[in-house]
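**Student:**
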Amino acid sequence: MKKCISLCCLVLFSLLSVTAYAANPDPSTLKVALLPDENAATIIKKNRPLQEYLEKKLDKKVELVVTTDYSSMIEAMRHGRLDLAYFGPLSYVLAKQKSDIEPFAAIRQKGKTTYQAVLIANTAAGIDKIGDIAGKDVAFGDKASTSSHLIPKSMLAEKNLFAGKNYREHFVGAHDAVAMSVQNGHAQAGGLSKPIFETLVQRGMINPEKVKLVAESKPFPQYPWTMRSDLDPKLKQKIRAAFVEIDDPAILKPFKAEGFGRVTDKDYDVVRNLGGLLKLDFSKF
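For what it's worth, full-length UniProt numbering labels the leading residue of the sequence shown as 1, then goes sequentially.
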């Protein structure tokens, strides 16, 4: 009986601790999550300048967090284990459905806080336009990715091509994996972020003689930085200011950005509308 009571007390204490953390409007340590698009140790190492900058600007300790994938990042935010998080547009929309969070800044490139996705194809697959992808194998990244799933899939849908009906879809995890899958012929076509595709070509990882660009999407809102809405208003103001004032190349390099610009939740309605177009059940992501 004593053991049972002790166990119940321990569980209750744990639950209260979690609740207390989630409700703390001004934590002494900010837990900041970064996209899990590389090895966790590599991501944290690359973003040490950001960590040091935020600690100085906000006068708080900053702990960088890298989850195993998009879904675990969304769940960590939902359970109050994160204070700030850098989401993809779609993963933000999914997280927003489950958490009281708000976007406050997005990366700025060439003066804009928007970016594009692309559809690519193996040059030997006989694909010159989107319609030629019919009957082919198409590689996407993570299911919760905007530019390596949602946007390219919508581009196909606009040409009346739907997964499982007009082409075979394959999820390979990451943007670079999509490009490599197409180059190696494991898929005849694929969708990913335009900036990432261009970087892969520039680095020589993708051979333009083996992979070609088929189509570019219209502009979509960039990856947003988000924070818990229940943080102290003064702290939130300091966080916003800290990000839009970043001009250190060492901090911006991992994001391939020239800076950060302000964004709001309304900017991501276009992403929500795409989900409706594709008749996606976001609850299954």
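Every residue, glycine too, gets a C-beta built ideally from N, C-alpha and C. Just so it is clear, the structure is predicted and the values come from calculations on it, not from any experiment.
Cutting at 7 Å between CB atoms, please list the residues of its own chain near residue 22, excluding the five before and the five after it.
**Tutor:** Any answer about residue 22 is weak, because its pLDDT of 46 lies below 50 and its placement is not dependable; what the coordinates show is given next. Closer than 7 Å at Cβ, skipping near neighbours: 80.
**Student:** Taking the C-alpha atoms as reference points, what is the distance between residue 64 and residue 40?
**Tutor:** In a straight line, the C-alpha of residue 64 is about 10 Å away from that of residue 40.
**Student:** Just how far apart, CA to CA, sit residue 14 and residue 100?
**Tutor:** Low confidence applies here, because residue 14 scores a pLDDT of 39, under 50, leaving its location unreliable and the question unanswered by this model.
**Student:** Distance check for residue 199 and residue 207, CA to CA, integer angstroms please.
**Tutor:** Roughly 12 Å between the two C-alpha positions.
**Student:** Label residue 122 either buried or exposed according to how many other C-beta atoms from any shown protein chain fall within 10 Å of its C-beta, with 16 as the threshold for buried.
**Tutor:** By the neighbour-count rule (16 or more Cβ atoms within 10 Å), residue 122 is buried.
**Student:** Alpha carbon to alpha carbon, what distance is there between residue 46 and residue 143?
**Tutor:** Distance between the alpha carbons of residue 143 and residue 46 is about 26 Å.
**Student:** Going by DSSP, what residue range makes up the beta strand (DSSP E) through residue 224?
**Tutor:** First-last of the beta strand (DSSP E) with residue 224: 224–228.
**Student:** Roughly how many angstroms separate the alpha carbons of residue 107 and residue 137, rounded to a whole number?
**Tutor:** In a straight line, the C-alpha of residue 107 is about 32 Å away from that of residue 137.
**Student:** For residue 229, is the classification buried or exposed, using 16 other Cβ atoms within 10 angstroms of its Cβ as the cut-off for buried?
**Tutor:** Under this definition residue 229 is an exposed residue.
**Student:** Do residue 190 and residue 152 have their C-beta atoms within less than 9 Å of each other?
**Tutor:** Yes; because the gap between Cβ atoms is below 9 Å, this pair is in contact.
**Student:** Assuming residue 139 is part of the beta strand (DSSP E), what are its boundary residues?
**Tutor:** 137–140 is the extent of the beta strand (DSSP E) around residue 139.
**Student:** Roughly how many angstroms lie between the CA atoms of residue 237 and residue 231, to the nearest whole one?
**Tutor:** Cα-Cα distance, rounded: 10 Å.
**Student:** Taking three-plus beta-carbon pairs below 8 Å as touching, is the region 82–98 in contact with the region 146–163?
**Tutor:** In short, these stretches touch, since the Cβ pair count reaches three.
**Student:** Run through DSSP, which three-state label would residue 210 get?
**Tutor:** Of the three classes helix, strand and coil, the one that applies to residue 210 here is coil, per DSSP.
**Student:** State the Cα-Cα distance for the pair residue 248 and residue 161, rounded to the nearest angstrom.
**Tutor:** Approximately 44 Å, taken between the alpha carbons.
**Student:** At which residues does the beta strand (DSSP E) containing residue 33 begin and terminate?
**Tutor:** It spans 29–34 - the beta strand (DSSP E) in which residue 33 sits, taken as one unbroken run.
**Student:** Specify the secondary structure class of residue 161 as computed by DSSP and reduced to three states.
**Tutor:** Of the three classes helix, strand and coil, the one that applies to residue 161 here is coil, per DSSP.
**Student:** Can you check whether the CB of residue 83 is closer than 9 Å to the CB of residue 227?
**Tutor:** Yes, the pair counts as a contact, with Cβ atoms nearer than the cut-off.
**Student:** What number of angstroms, rounded off, separates the C-alpha of residue 221 from the C-alpha of residue 270?
**Tutor:** Taking the straight line from one Cα to the other gives about 8 Å.
**Student:** Which whole runs of the alpha helix (DSSP H) in the region 86–142 are 4 residues long or more, in chain order?
**Tutor:** As far as the region 86–142 is concerned, its whole alpha helix (DSSP H) runs of at least 4 residues are 89–98.
**Student:** Roughly how many whole angstroms lie between the Cα atoms of residue 70 and residue 36?
**Tutor:** Between residue 70 and residue 36, the C-alpha separation is close to 7 Å.
**Student:** Which residue wins for smallest C-alpha separation from residue 140, given the options 105, 193 and 98?
**Tutor:** Of 105, 193 and 98, the residue nearest in Cα terms is 193.
**Student:** Among residues of its own chain, excluding the 5 on either side of residue 250, which ones have a beta-carbon nearer than 7 Å to its beta-carbon?
**Tutor:** 49.
**Student:** Ends of the beta strand (DSSP E) at residue 71?
**Tutor:** Not the beta strand (DSSP E): residue 71 falls in the alpha helix (DSSP H), residues 70–78.
**Student:** Excluding the 5 residues flanking residue 114 on each side, which residues of the same chain have their C-beta closer than 7 Å to its C-beta?
**Tutor:** Counting only Cβ-Cβ distances below 7 Å, and skipping sequence neighbours, we find 219, 220, 221 and 222.
**Student:** According to DSSP, is residue 11 part of a helix, a strand, or is it coil?
**Tutor:** Residue confidence is low: residue 11 scores 38 on pLDDT, short of 50, so the model does not pin down where it sits. Its coordinate-derived value is still stated next. Three-state result, residue 11: helix.
**Student:** If we call anything under 9 Å between Cβ atoms a contact, is residue 54 one with residue 177?
**Tutor:** Contact: no.
**Student:** Do residue 129 and residue 33 have their CB atoms nearer than 9 Å?
**Tutor:** Not in contact: residue 129 and residue 33 (Cβ atoms no closer than 9 Å).
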